[in-house]
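First the structure, in the form of structure tokens, and then the observations on it.
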Amino acid sequence: MSALGLSLGSPVLVSLPGGRSCLCTAWPRSDLAEGFLQVDLKCSSPDLTSHPPTHLHLDPAQLTPTPCPKLRGVKITAVVQTADFKKHTPPRVVHELVKDMLKGVYVHRKHVINLEDFDTEIRYVVIQDINLESGNAGFITSKTGVEITGIQTVRHYRSQLQDQDTIPLGGLEEVAASLREMLQLPLLYPDTLSSLGVSCPRGVLLVGPPGAGKTLLVRRVVGEVGASLVVVRGPEVVGSRPGESEEKLRAVFERARSAAEEGPCVLFLDELDSLCPRRTGTSAPENRLVAQLLTLMDGMNRSDRFLIVGATNRPDSLDPALRRPGRFDREVIIGAPTSRQRKDILSVLCARMPVCPGVDLTELAQRTTGYVGADLSALCREAAMHAIRENSKGAEEQVVGMKHFQEALKLSVEWPMKYPEAFVRLGLCRPRGVLLYGPPGCAKTTLVRAAATSSHCAFLSVSGADLYSPYVGDSEKALAQLFRQARACAPCILFLDEVDTLIGSRSSGQSANSVQTRILSVLLNEMDGVGLKTLERRGTEKILQAEGAEESHTQEQLDCQEVCNKDVMVIAATNRPDCLDSALLRPGRLDHIVYVPPPDQQARLCILRLCTESMPVDADVCLEELATKTELYSGADLENLCKEAALLALQEENMKASTIKHTYFLRSLSKMSPSLTAKQIQAYQKRPR
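Throughout the sequence shown, residue numbering follows our numbering, covering 111 to 799 in sequence.
Written as structure tokens, this is what we have:
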């Protein structure tokens, strides 16, 4: 206080990391201890109300004495607890309450005033503007005029803050402007449209390839227009019993109407094609679900202040009735980014990474023709992994250079699991999924188990046949439960073996309501959830009560904890990569694709040594010769060769063999043929996309 020239009660602006700040008054601690700072968040940046800082190291330069003259007037937005208070309380009463609570308070433009200490329904006040020619802070007196420009509920306000926490858009500015214009008019100015005799648009369809940023775009634009967002994914609506899906869809619309009562709202239907595919001639369940959605959209009236935004990468598979005027009558198309847009995307991605000045983003953009945003994100992550490899302990500062981008072709499973702090330092999220593909018998499962062991993390393994059930909904529930189990024991590797038997490709002509299609939708949404925080219930507490006692459970009694999916990595294995859906293979899901080839001569020698390690092999056995003669043999073939040689030795020596001679290996080899062909291997060497 002495160094800054502050007296008791002087206003001071405390600047915090991330461009945040709070306006406080200078006052010494009660114990007169120096070197510590206690910050009052009564007047602070909006995001500090939900994420207060702790254990920060501040420099004295971050404390700025701030003049706060008396204000003639302020413009504010009141944030109230419930929608009922907003609806039934006269504006005059709200104005008097706010003016009384703000009297004698230092305020800052665009800051939030926390009023939770007062016993009223008004929780926050957002300072939109202050009547000052210069400066951003001032003092409210009894003579200060207070103008309330709007009233919001706490839920709506916090939803807006959450939607504003997205990363900057790169290369999507033009599309964002188009979508923003479509949403602003009906959400913010419905009365103006009504006065012109024009009905408000009800739905917007967002079309684009997987990984182009459709979901990110919606979240960002909805936050910018000041609306709340209700997100629903197709599999969340589909139920197992007849009529359950339609019931859930009606509940979704009721939830959107409830949110719209508190302010403008957008209902976002992600993966719309999985929810409402093209109807067939039969009375399939999806036909009833499409009919229910059409009925709900036609039943929307002017009092429903919410819009519907649907996203799909397969617009041709949607039912044509959804795309007529009055429903999804406006479409926004996101194409593959141009070279200029790819450079903008790379600039956003590299802004959070310690990139060497020598990295030429223009050259990278030119060399990544056809890449979408998720592809470029995967490219940056793999380049950062090369930087981590140069210092495997992750202790020193790494810089990502042009050579790392040029060499970003290989990957490793254990790096993001063993060195998470290095990934955080490079501004990266961990890879979400890995696909191992290759011929049968090439030890894909063994490779994954070894990676899990070396990474010191939990390991959950399941095959496609384990999850398959002929009953509607059972397979989807089993898969969702598997992901919940993986999150509960994180860090964890979730291994989906023979994933081609679990899911297929939607372009192969299979029914939209088939088991494989429904499981695929669940898997895509679970994969998109990796890296996001969820609230899950933990435990099944049971309370024994005396006879006649009333059972009472409150939400506070439930054992809940926040689970972060970032410690879960999904690895899938298949020998039929051509059968998988392209949406599953895009970056952001199974974004690392690794070919596990059949063993070469050196690898075959190592496998033979491993297989014969516990066998009494004669001194004349030449494993090098066997490795040379077993071209196109898989690891399983080589293991079978050793077993057959041992059985042959027992048969030839009347079960009295004590060693296995080289001749037995050669005779076994003459009776066997490799399970692979050169044509098969050539087909596997083509990277699936």
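Yeah, the Cβ is synthetic: ideal placement off N, Cα and C, and Gly gets one too.
Source: prediction; values computed, not measured.
Spatial neighbours of isoleucine 717 in its chain, beta-carbon cut-off 7 Å, leaving aside the 5 residues before and after
Pro709, Gly745, Leu748
message: Spatial neighbours of aspartate 485 within its chain, please: C-beta separation below 8 Å, excluding the five flanking residues on both sides.
response: Gly321, Thr478, Arg696, Pro697
Taking all protein chains shown into account, do 16 or more other C-beta atoms lie within 10 angstroms of the C-beta of proline 121, making it buried, or fewer, making it exposed?
buried
With a floor of 3 residues, list each beta strand (DSSP E) that falls wholly inside the region 338–424, ordered by position along the chain.
-> Qualifying beta strand (DSSP E) stretches, in chain order: 338–343, 375–380, 416–422.
DSSP three-state call for methionine 725: helix, strand or coil? coil
- Query: Which one or two residues does DSSP pair with cysteine 153 in a beta bridge?
  - Reply: Ile223
Do you know offhand how far histidine 772's Cα is from asparagine 750's? 16 Å
Alpha helix (DSSP H) containing aspartate 610: first to last residue? 609–612
Alpha carbon to alpha carbon, how far is alanine 143 from tryptophan 137?
-> 12 Å
### Query
Beta carbon of cysteine 199, beta carbon of valine 236: below 8 Å?
Going by the sequence as given, residue 199 is threonine instead of cysteine. Contact flag unset, no.
Exposed or buried, what is proline 177 when buried is set at 16 or more other beta-carbons lying within 10 Å of its beta-carbon? exposed
* Asked: Three-state secondary structure (DSSP) at histidine 702?
  -> strand
What are the boundary residues of the beta strand (DSSP E) that alanine 683 is part of?
In the DSSP assignment, alanine 683 falls within the unbroken beta strand (DSSP E) covering 678–684.
task = Compare the beta carbon distance of leucine 694 and leucine 606 with 8 Å and say whether it is the shorter of the two.
result = no
Helix, strand or coil for leucine 173 per DSSP?
-> In the structure shown, leucine 173 sits in a strand (DSSP, three-state: E or B).
message: Just to confirm before moving on: does the CB-CB distance between arginine 312 and methionine 410 stay below 8 Å?
response: yes
Are the beta-carbon atoms belonging to valine 335 and leucine 298 less than 8 Å from one another?
-> yes
>> Starting from cysteine 134, trace the beta strand (DSSP E) in both directions and tell me its first and last residue.
In response: 130–135
Next on the checklist: For the pair the region 455–464 and the region 487–497, tell me if three or more CB-CB distances fall below 8 Å.
Outcome noted: yes
Report the CB separation of proline 170 from alanine 113 in whole angstroms; it is logged as a contact under 8 Å.
7 Å
Review point. So, using beta-carbon positions, are cysteine 147 and leucine 168 closer together than 8 Å?
Key: For clarity, residue 147 is leucine in the given sequence; the question names cysteine instead. If you check the CB distance, leucine 147 and leucine 168 come in under 8 Å.
_Complete beta strand (DSSP E) runs within the region 206–252 (minimum length 3 residues, chain order)_ = 216–218, 222–224, 232–240, 247–249
Three Cβ pairs or more, each shorter than 8 Å: is that satisfied between the region 263–271 and the region 357–372? Yes, the region 263–271 touches the region 357–372.
query: Nearest-angstrom Cα distance between tyrosine 481 and glycine 445?
result: 11 Å
Going by beta carbon distance, what residues of the same chain come within less than 8 Å of threonine 259, once the five residues before and after it are set aside? Lys185, Ile186, Thr187, Gln238
Have a look at Glu356, Ile681, Ala494 and flag the residue whose alpha-carbon is nearest the alpha-carbon of valine 544. Ile681
If you run the structure through DSSP and keep just helix, strand and coil, what is arginine 559? Here arginine 559 carries a helix assignment [DSSP, helix/strand/coil].
**Message:** Can you give me the C-alpha to C-alpha distance between glycine 436 and arginine 329, rounded to a whole angstrom?
**Reply:** 23 Å
**Study point:** For isoleucine 261, the residue or residues it bridges with in DSSP
**Key:** Per DSSP, Ala188.
- [ ] Return the Cβ separation of serine 160 and arginine 268 in integer angstroms, given the expectation that the two are a contact with Cβ distance under 8 Å.
- [x] 7 Å
- request: For arginine 559, I'd like the list of residues in its chain whose CB is within less than 7 Å of its CB, leaving aside the five on either flank, ordered along the chain.
  value: Phe569
query: Which partner residues does isoleucine 791 have in the DSSP bridge list?
result: BP columns for isoleucine 791 are empty, so no partner.
query: Which stretch, first to last residue, makes up the alpha helix (DSSP H) that contains leucine 748?
result: 745–762
- When you compare only the Cα positions, how much space is there between alanine 767 and leucine 760? When rounded, the distance between both Cα atoms is 5 Å.
_Using CA atoms only, rank isn't needed, just tell me which of Leu715, Tyr743, Glu741 is closest to cysteine 732._
Leu715
| request: Could you tell me if leucine 642 is buried or exposed, where buried requires 16 or more neighbouring beta carbons within 10 angstroms of its beta carbon? | output: Reliability of the predicted coordinates at leucine 642 is poor, the pLDDT of 48 falling under 50, and the value obtained from them is presented with this limitation in mind. Classification for leucine 642: exposed.
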